[in-house]
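Chemist: Before I ask anything, here is the structure I am working with.
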Amino acid sequence: MDQKTPRDQFLFANARVARRWRKLLDERLNDLGVTQARWSTMVCLQRSGGLTQRELTHLMAVENPTLVRLLDSLEEQGLIERRPNMRDRRTKLLYLTNAGERFMSTLNERASVLRHEMLKDIENTDLEVALRVLERVMENSANLKNI
C-alpha cells in the first residue's frame with residue numbers, strides 16, 4: 001500500500017501540526033506559568049462562559065480527571081470560579097474571573113502572534129477548506145467506539 005496518498009498522510013500531518021502548535025505555544029507562554037492546555041481551557045470559558053464541567057470536558061475532548069486537576073489549579077490561582085447552576089443544583093458553572101479575563105488578553109496576544117506566524121502565506125480560502133475537512137472528520141469520528 002502506498003503511504004503517500006492524501007488519505008494516508010492527512011491525520012498524521014494534522015497531528016504533527018497540533019503537536020508543533022502545542023510545543024511552540026507552551027514555549028511562548030512558559031514565562032507566564034501557562035501551558036497550551038491551560039490556555040485552551042481558559043479560551044473555552046472566555047468564549048462560552050457558564051459551562052458545566054461535563055460540557056467543557058466534551059468541548060475540549062479530554063478526560064474528566066485531567067480537566068479536574070487543571071480546573072482546580074486555575075481556581076487556586078484565582079483565574080476561574082465555579083458558580084452554582086440554578087437549573088441543576090448538582091452541578092457548577094465555570095467562568096473566568098475578572099483576573100482571568102485580564103490575564104487572557106496577554107495570553108491571547110501571544111497566541112495570536114504565533115497563529116499569524118504559522119499561517120503566514122496561507123490564503124483564507126485554503127483555511128476555510130481545511131476547516132470544513134477537519135469538521136467533517138470530527139463529525140465522522142463522533143460516533144466511533146473505542147476498541
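Be aware that the sequence shown starts at 1, since it is given in UniProt numbering, and climbs by one per residue.
Built from N, CA and C at the ideal position, the CB exists for glycine as well.
Quantities reported herein were computed from a predicted structural model and do not represent experimental measurements.
1. Considering only the alpha carbon of each residue, which of Arg47, Glu76, Ser40, Gln46 lies closest to Ala61?
2. What are the boundary residues of the alpha helix (DSSP H) that includes Glu63?
3. Tell me whether Glu123 sits in a helix, a strand or coil according to DSSP, three-state version.
4. For Val83 versus Leu74, is the C-beta spacing smaller than 8 Å?
5. Hey, could you find the ends of the alpha helix (DSSP H) Arg90 is sitting in?
6. Would you call the region 35 to 51 in contact with the region 96 to 114, where contact means no fewer than 3 C-beta pairs closer than 8 Å?
7. When the distance is taken between beta carbons, is Asn85 closer than 8 Å to Thr52?
8. Could you give the C-beta distance for Leu56 and Leu67, rounded to a whole number, given that I count them as a contact under 8 Å?
9. Assuming contact is defined by CB atoms lying nearer than 8 Å, are Arg110 and Arg28 in contact in what I supplied?
10. Kindly provide the ranges of any alpha helix (DSSP H) runs that are 4 or more residues long and lie completely inside the region 4 to 37, ordered along the chain.
11. Compare the Cα-Cα distances from Gln36 to each of Asn108, Leu134, Gly100 and report the closest residue.
Modeler: By the coordinates alone:
1. If you number the sequence shown from 1, residue 61 lands on position 61. Of Arg47, Glu76, Ser40, Gln46, the residue nearest in Cα terms is Ser40.
2. In the sequence shown, the residue the question calls residue 63 occupies position 63. Neither: Glu63 is in no alpha helix (DSSP H) and is coded neither H nor E.
3. Along the sequence shown, one-based indexing puts residue 123 at 123. The answer is coil: DSSP assigns Glu123 none of H, G, I, E or B.
4. The sequence position of residue 83 within the sequence shown is 83, counting from 1. The sequence position of residue 74 within the sequence shown is 74, counting from 1. Contrary to the premise, residue 83 reads as Arg rather than Val in this sequence. No.
5. Within the sequence shown, numbered from 1, the residue matching residue 90 stands at position 90. Where Arg90 is concerned, there is no enclosing alpha helix (DSSP H), given that its DSSP letter is neither H nor E.
6. yes
7. For the purposes of this step, residue 52 is identified with residue 52 of the sequence shown, where counting begins at 1. For the purposes of this step, residue 85 is identified with residue 85 of the sequence shown, where counting begins at 1. Yes, the Cβ-Cβ distance between Thr52 and Asn85 is below 8 Å.
8. Your numbering for residue 56 matches position 56 in the sequence shown. Your numbering for residue 67 matches position 67 in the sequence shown. Correct: roughly 6 Å between the Cβ atoms.
9. Along the sequence shown, read from residue 1 onward, the residue named residue 110 stands at position 110. Along the sequence shown, read from residue 1 onward, the residue named residue 28 stands at position 28. Yes; because the gap between Cβ atoms is below 8 Å, this pair is in contact.
10. 6 to 29
11. Within the sequence shown, numbered from 1, the residue matching residue 36 stands at position 36. Looking at the Cα atoms, Asn108 is the closest of the given residues.
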